[in-house]
Amino acid sequence: MLSDADASFDSVISNGSLHEWEKPLCAFEEIHRVLRPGGRYCITDLRRDIYPVIKKLMYYTTQPKAMRAGMITSLMAAYTVCEITELLRNSALCGAAVTCDLFGLCISGKKE
Numbered sequence: 001m002l003s004d005a006d007a008s009f010d011s012v013i014s015n016g017s018l019h020e021w022e023k024p025l026c027a028f029e030e031i032h033r034v035l036r037p038g039g040r041y042c043i044t045d046l047r048r049d050i051y052p053v054i055k056k057l058m059y060y061t062t063q064p065k066a067m068r069a070g071m072i073t074s075l076m077a078a079y080t081v082c083e084i085t086e087l088l089r090n091s092a093l094c095g096a097a098v099t100c101d102l103f104g105l106c107i108s109g110k111k112e
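If you read the sequence shown in UniProt numbering, its first letter stands for residue 1, the second for the next number, and so on.
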């Protein structure tokens, strides 16, 4: 839990770290706790269920080459859209919109 007071932030943004969170449900609850009413959140990350051709493109364009193995590890640790939707269903962020593109996913919403 963060040391910040309840309802102390207008926005929460996270990029590229969701797949590293040990307890994503706890993190979602914490995001909800620290947001003010009307506050917005946006969480973006890779998604594991990308097309194989996109995975290859990401691999071969990652520079320096020494980072490629880590990129694949992160990609394999990432959530699918279905998995993240199910996690959110059981959280304080249950009203979140989940969208995806060729490379990743985005969880966004507003605290009521």
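Idealized CB from N, CA, C, for every residue including glycine.
Just so you know, these numbers come straight off a predicted model, no measurement behind them.
Specify, as a first and last residue, the run of the beta strand (DSSP E) that C26 falls within.
-> Not the beta strand (DSSP E): C26 falls in the alpha helix (DSSP H), residues 24-34.
Cα separation between T62 and I72?
-> 10 Å
Where does Y79 sit, in a helix, a strand or coil, going by DSSP?
-> coil
Presumed contact (8 Å Cβ cut-off) between A5 and R36, rounded CB distance | A5 to R36, Cβ: 10 Å. No contact.
If you draw a straight line from the alpha carbon of N15 to that of Y41, how long is it in whole angstroms?
-> 11 Å
Residue burial classification, R89 (beta-carbon count within 10 angstroms, cutoff 16) | exposed
Over what stretch of residues does the beta strand (DSSP E) that includes K110 continue unbroken?
-> 104-110
Closest to V12 by CA distance: which of C26, M1, I43 is it?
-> I43
Beta-bridge partners of R40, as assigned by DSSP | S11, K110
Buried or exposed by the 16-neighbour rule on C-beta atoms within 10 Å, applied to I54 = exposed
Limits of the alpha helix (DSSP H) - the one that T61 falls within = 52-61
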